[in-house]
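Below is one structure, written out as structure tokens, with a few remarks after it.
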Amino acid sequence: MTKLQPAKAASDEERELLGRAASGDELAVRELFRTHVTRLHRQAARILGGDDPDVEDVVQQAFLAALDGAAKFDGRSSLSTWLFGITTRRALDAARSRWRRQRWNRLAESVGIGSQSMQPDQGYQLRADAESMLGKLPPEQRMVFVLHDVEGYTFAEISGMTGIGISSLHGRLMAARKRLERMTDGGEHE
Amino acid sequence: MNSRPPHHTMRVPPQVDGGSGVIARELREQPPALDEVRRARMERSLAQAWRMHGAARVPLSRLRMQRPSARVLWVASIGSAAAGGLLALSLLGDSAPTASRMGVGHFELRIDDAAVQSGAVSEGQVLETGEHGRIEVDLQIARLQLSRGTRVRFDRLSEPELRLSLLKGRLDVDFHPSRKGEQHLAIETGAGRVQVVGTRFVLDVDALGNTEVQVSEGVVELLPRSGAPARRVAAGEHAYLRADDGDESERSVRAAIEQKLRTLEGATAEPVPFQPDMDLSQMVDLEPSASGQRPSRAITRKLEAARRLLRQGRHADARARLRGLAESGIAVRFRVEALTLIAESYTAQGDVLHAAKAYRRAAELSPGDPAGHNARFALARLLERYAHDEVAAAAAYKHYLARAPRGALAVQARQALCRLDQSEFCKDR
Numbered sequence: 145m146t147k148l149q150p151a152k153a154a155s156d157e158e159r160e161l162l163g164r165a166a167s168g169d170e171l172a173v174r175e176l177f178r179t180h181v182t183r184l185h186r187q188a189a190r191i192l193g194g195d196d197p198d199v200e201d202v203v204q205q206a207f208l209a210a211l212d213g214a215a216k217f218d219g220r221s222s223l224s225t226w227l228f229g230i231t232t233r234r235a236l237d238a239a240r241s242r243w244r245r246q247r248w249n250r251l252a253e254s255v256g257i258g259s260q261s262m263q264p265d266q267g268y269q270l271r272a273d274a275e276s277m278l279g280k281l282p283p284e285q286r287m288v289f290v291l292h293d294v295e296g297y298t299f300a301e302i303s304g305m306t307g308i309g310i311s312s313l314h315g316r317l318m319a320a321r322k323r324l325e326r327m328t329d330g331g332e333h334e
Numbered sequence: 007m008n009s010r011p012p013h014h015t016m017r018v019p020p021q022v023d024g025g026s027g028v029i030a031r032e033l034r035e036q037p038p039a040l041d042e043v044r045r046a047r048m049e050r051s052l053a054q055a056w057r058m059h060g061a062a063r064v065p066l067s068r069l070r071m072q073r074p075s076a077r078v079l080w081v082a083s084i085g086s087a088a089a090g091g092l093l094a095l096s097l098l099g100d101s102a103p104t105a106s107r108m109g110v111g112h113f114e115l116r117i118d119d120a121a122v123q124s125g126a127v128s129e130g131q132v133l134e135t136g137e138h139g140r141i142e143v144d145l146q147i148a149r150l151q152l153s154r155g156t157r158v159r160f161d162r163l164s165e166p167e168l169r170l171s172l173l174k175g176r177l178d179v180d181f182h183p184s185r186k187g188e189q190h191l192a193i194e195t196g197a198g199r200v201q202v203v204g205t206r207f208v209l210d211v212d213a214l215g216n217t218e219v220q221v222s223e224g225v226v227e228l229l230p231r232s233g234a235p236a237r238r239v240a241a242g243e244h245a246y247l248r249a250d251d252g253d254e255s256e257r258s259v260r261a262a263i264e265q266k267l268r269t270l271e272g273a274t275a276e277p278v279p280f281q282p283d284m285d286l287s288q289m290v291d292l293e294p295s296a297s298g299q300r301p302s303r304a305i306t307r308k309l310e311a312a313r314r315l316l317r318q319g320r321h322a323d324a325r326a327r328l329r330g331l332a333e334s335g336i337a338v339r340f341r342v343e344a345l346t347l348i349a350e351s352y353t354a355q356g357d358v359l360h361a362a363k364a365y366r367r368a369a370e371l372s373p374g375d376p377a378g379h380n381a382r383f384a385l386a387r388l389l390e391r392y393a394h395d396e397v398a399a400a401a402a403y404k405h406y407l408a409r410a411p412r413g414a415l416a417v418q419a420r421q422a423l424c425r426l427d428q429s430e431f432c433k434d435r
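Going down the list, the protein sequences come from chains L and W.
Each residue of the first sequence is one higher than the one before, counting from 145 in my numbering.
Each residue of the second sequence is one higher than the one before, counting from 7 in my numbering.
Following this line, the structure appears as structure tokens:
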């Protein structure tokens, strides 16, 4: 397993790259994008769902917000962590908004008048099942489960990224795990 | 990719037993993938969006001391229409008024025709609609309607002159001055300026600033930023202004399409009709939909009406109708069909970026269905034929084959990959 290392502060190189990108240097914008997009896309996709059409928009908004707010980057954390936090908050906002909009659909499905979403191809079944179960969690539970149990962030780090208190995060993680247990046991059909 | 990976802190996720632990492991071992097509498209889109944003940018060294002077009034509708009460109204930036500002405007945010919020509009303000609301603005001599996802800045609100900037989205304008010739309305977009002397029209601006104007009454004058000659657009006509020349691939796409249009113009005296890639359409039609759903008469009529508009060259109108269908609750197959027509419309206008987005959305709407596979194949063909982006096209064909290895278009996809120098796909030939 990977070795635990302390978080690093931003290097001068990172700060310089961000500064150049924010000042309009397109090559720097592209380099920033190439360096970080895989991880940011993964995070947005985990919170919103892998096939969600809003994932790309969330990632782009996060990059634009970072470029717009480059002056606010104080360099205490790495650039990567800072961008990760912005993306997480944006994805969480999008997920919350969707969750509210879809509550009638969920209600309809729960009383048997709606239909479950289409199942993707067989080859994608395992991840699709996991994502499908994850998608049934409320956004805050989903977010803390992804960050803590999948990505390995500590509660303190997640709290720093999202502004949510540690005890709330802990409670939500426990609730998320319990609910996923019920789903895998077949005891919950939402 | 030639960039160095960032230095991440390596993390050790907790080992949790039971079902949630299995799910966490599954998600960790099969992370959501970002293919090269998406990556390339996102990179270009970001670079362009940031370039467009650049007009208002100040040097980084000044950012700490100076905040934007423009007031930004963001009216966002949150949640569905039923959640109309949950509106966020935030005032950002420096709120100090400018000396020349006049409070001559009034806005009203409406959700499903119900007014849920209102207020004054003054110079320097930016109004932005959220996902569900639309905003009506009364400027005494002009009425504006901001559709969903629209952002407008009010640059000048004096009696003889109204000047706005449409930063993105769709704006419906009804301008009827009480003293013709003395009162003017000008709207700036990323592509140029629209000057009005009294008329009704709709302006559509995408994220890059490309501008489409559809005039229903009177005449408007377009002044492209590129320095090209001003154009007049009369009632019943529409015009499309590009924000910039684009990069090399875009220019070659436009050149190819202009060549195609010239050929068509040579063949007929009629106005240039909508001409999707017929070869592509025929091939895509080869694969039947698994759903077997029949469209209702109403949907058939709507799709046919949109096709008619496309044939007449009224792309903006057609796309507006098709978007309505694509976003409605009708069966996925017909939403995919509407998105495919939107993509073909953008292709006909040389807007490869938006065409690709529409095809991608169609593919994502129906990932396990032949209609979705067709859209994925069409995206690959678009990248190959119009964007001339062989790397992206090859990745898109491979994506199609991964999802539909025995699909009706699999042979064509393999042939295309062979043509694109992917020798492992030439074995079957």
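Even glycine gets a Cβ: it sits at the ideal position worked out from N, Cα and C.
Computed from a predicted structure; not experimentally measured.
Anything in chain L within Cβ reach of residue i, meaning under 8 angstroms, just list it in chain order.
i: W/I29; result: A274, M277, L278, L324 and T328
i: W/P19; result: H292, D293, V294, E295 and G296
i: W/P376; result: What W/P376 touches in chain L: nothing, since even the nearest Cβ is about 12 angstroms away.
Taking 9 angstroms as the CB-CB cut-off, is residue i touching chain W?
i: L/V288; result: no
i: L/S296; result: Looking at the sequence provided, one finds Gly at residue 296 of chain L rather than Ser. At least one chain W Cβ lies under 9 angstroms of L/G296.
i: L/P283; result: no
i: L/H185; result: yes
i: L/A300; result: no
i: L/T306; result: no
i: L/T182; result: yes
i: L/R233; result: no
i: L/G194; result: yes
i: L/Q263; result: Bear in mind that the predicted position of L/Q263 carries a pLDDT of just 37, short of 50, making it too unreliable to give a figure here.
i: L/G315; result: no
i: L/G168; result: yes
Hey, does residue i have any beta-carbon neighbour from chain L nearer than 9 angstroms?
i: W/L33; result: yes
i: W/G25; result: yes
i: W/V22; result: yes
i: W/R44; result: yes
i: W/L347; result: no
i: W/P37; result: yes
i: W/L115; result: no
i: W/L40; result: yes
Using a C-beta to C-beta distance shorter than 7 angstroms, which residues of chain W count as neighbours of residue i?
i: L/R174; result: E49 and A53
i: L/V203; result: M48
i: L/A238; result: Here the premise fails: no neighbours, minimum Cβ distance about 10 angstroms.
i: L/A189; result: P38
At a Cβ threshold of 9 angstroms, is residue i touching chain B?
i: W/L371; result: Looking for chain B here will not work: the only protein chains present are L and W.
Please determine, among the options, the residue with the shortest C-alpha to C-alpha distance to residue i.
i: W/A400; options: W/R31, W/E42, W/P20 and W/S26; result: W/E42
i: W/L415; options: W/Q220, W/R382 and W/F207; result: W/R382
i: W/E243; options: W/E227, W/A30, W/A386 and W/L170; result: W/E227
i: W/V208; options: W/V239, W/P183 and W/D357; result: W/V239
i: L/V294; options: W/S222, W/D180, W/R34 and W/S153; result: W/R34
i: L/E200; options: L/E275, L/T182, L/S167 and L/R159; result: L/T182
i: W/S351; options: W/R317, W/S372, W/L371 and W/I336; result: W/R317
i: W/T217; options: W/L407, W/A322, W/Y403 and W/L247; result: W/L247
i: W/F181; options: W/L173, W/G215, W/A197 and W/V143; result: W/V143
Count the other CB atoms within 10 Å of the CB of residue i; is the residue buried (16 or more) or exposed (fewer)?
i: L/I191; result: buried
i: L/H180; result: buried
i: W/Q189; result: buried
i: L/T231; result: buried
i: W/R307; result: exposed
i: L/A210; result: buried
i: W/I141; result: buried
i: W/S302; result: exposed
i: W/A236; result: exposed
i: W/A369; result: buried
i: L/S222; result: buried
By the criterion of Cβ-Cβ separation under 9 angstroms, what are the contact partners of residue i in chain W?
i: L/L208; result: L52, A55, W56 and H59
i: L/R159; result: Ordered by position in chain W, no residue passes the 9 angstroms Cβ test against L/R159, which lies about 10 angstroms from the chain.
How would you list, in chain order, the residues of chain L whose beta-carbon sits under 9 angstroms from the beta-carbon of residue i?
i: W/R367; result: P197
Hey, is residue i close to the ligand FMN, as in C-beta under 8 angstroms from one of its heavy atoms?
i: L/L324; result: Although the ligand FMN was asked about, the structure shown includes no ligands whatsoever.
Identify the contact partners of residue i in chain W, using a Cβ-Cβ distance below 8 angstroms as the criterion.
i: L/R321; result: V22, G24 and S26
* **Members of the segment 210-221 of chain L near chain W, C-beta cut-off 8 angstroms** => Interface annotation for the segment 210-221 of chain L against chain W: L211, D212, A214 and A215, criterion Cβ-Cβ distance under 8 angstroms.
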